[in-house]
Each structure stands twice: as structure tokens, then as C-alpha cells.
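Residue numbers (the UniProt record's numbering): 1 to 157.
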């Protein structure tokens, strides 16, 4: 069981990372914000079932599930079209890298972002995604190889 203060402190520290993860899955600011908010509300309501040693992975898993729920509802509402998001005001220097990461499938992109942007351990990623650690290692390997190929193609164009 996780006490209220621990939950609040840990979830507050996770907010930027949860938002980045949600954006990488949903590609829409409003949906990403909704996923994080709904995920944290669900986690708060069930915090008595959380274990302190795996709180970060548990909350991440809930937010990922919320992203998937939003994706499913989006398909029912907008099956053939996507709602356009406003263009970002700042274009990062590493746009090619971001585009290459964005081009990965969700199965490869999510563990990659959790590992390198959010600094999750392979064990935490496995718990968050509900897969074995060996699967996480395999997906990270495949994601790195895919990025390597994509980025080398961009350099030679």
C-alpha cells in the first residue's frame, strides 16, 4: 500500500515523463493530457493496491492503458481521419531523430522512450508494459537497429 504523500510526490515527479510518453503514443496534446489525467485519477483511486517498490511502473502502465483506450475510442469516432494539431512553435535541431523515433511502431517506440528519455530500468519497463524483461531487451535492440537504419538513410539522401 502506498500512502497519499508518497503517491503525490512520486506522481508529481513523473508528470513530464508521462506526458511525453502519452504524446509519443497519441500525437495529440489534448489526448495526451487527458490520458495522463485519467490515468493518474485511476491510479489515485486504486493506490491502496499499489506497492511502493513498483509504483512508477504501475502508474506508467495505467497511463499506457489509458492511451490505448483513447486510441480505441478515436477509431470509433474518427475511423478514417485524424484531427490536426497546431504546428509546434519550436522546431528541435534533432528533428530527424524525432521523426525516426515517431516512425517506429508503438511496440518499439514505447520501451525506447521509457529507457532513454525517462531513464526506466529494463525491469521497470517490463512491469509497465506487462511483458518479460527479455521481451523488453529484444524490443530495445530492434528499436535501436531500426533507428540506425532510418538515420543512415537520412544522412545519405
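C-beta atoms are modelled at their ideal positions from N, C-alpha and C, and glycine is treated no differently.
Boundaries of the alpha helix (DSSP H) in which residue i is found, first to last residue
i	result
residue 117	It is not in any alpha helix (DSSP H) - residue 117 carries neither H nor E in the DSSP assignment.
residue 6	4 to 26
residue 39	29 to 45
Three-state secondary structure (DSSP) of residue i
i	result
residue 126	helix
residue 87	Confidence is the limiting factor: at residue 87 the pLDDT is only 48, short of 50, which leaves the residue's position unreliable, though a coordinate-based value still follows. Three-state result, residue 87: coil.
residue 111	helix
residue 70	helix
residue 104	coil
residue 132	coil
residue 56	helix
residue 51	coil
residue 175	Since the first and last residues shown for the chain are 1 and 157, residue 175 lies out of range.
residue 152	helix
Interface flag, residue i vs chain C, CB-CB below 8 Å
i	result
residue 7	The structure shown contains no chain C; it holds only a single protein chain.
Beta carbon of residue i nearer than 8 Å to that of residue j
i	j	result
residue 100	residue 150	yes
residue 67	residue 26	yes
residue 128	residue 49	no
residue 123	residue 131	no
residue 191	residue 18	A question about residue 191 goes unanswered here, because the residues of the chain that appear run from 1 up to 157.
residue 113	residue 21	yes
residue 12	residue 59	no
residue 108	residue 74	no
residue 63	residue 39	yes
residue 6	residue 52	yes
So does the region 138 to 155 actually touch the region 104 to 111, counting three or more Cβ pairs closer than 8 Å? Inter-segment contact for the region 138 to 155 and the region 104 to 111 is present: three or more beta-carbon pairs are separated by less than 8 Å.
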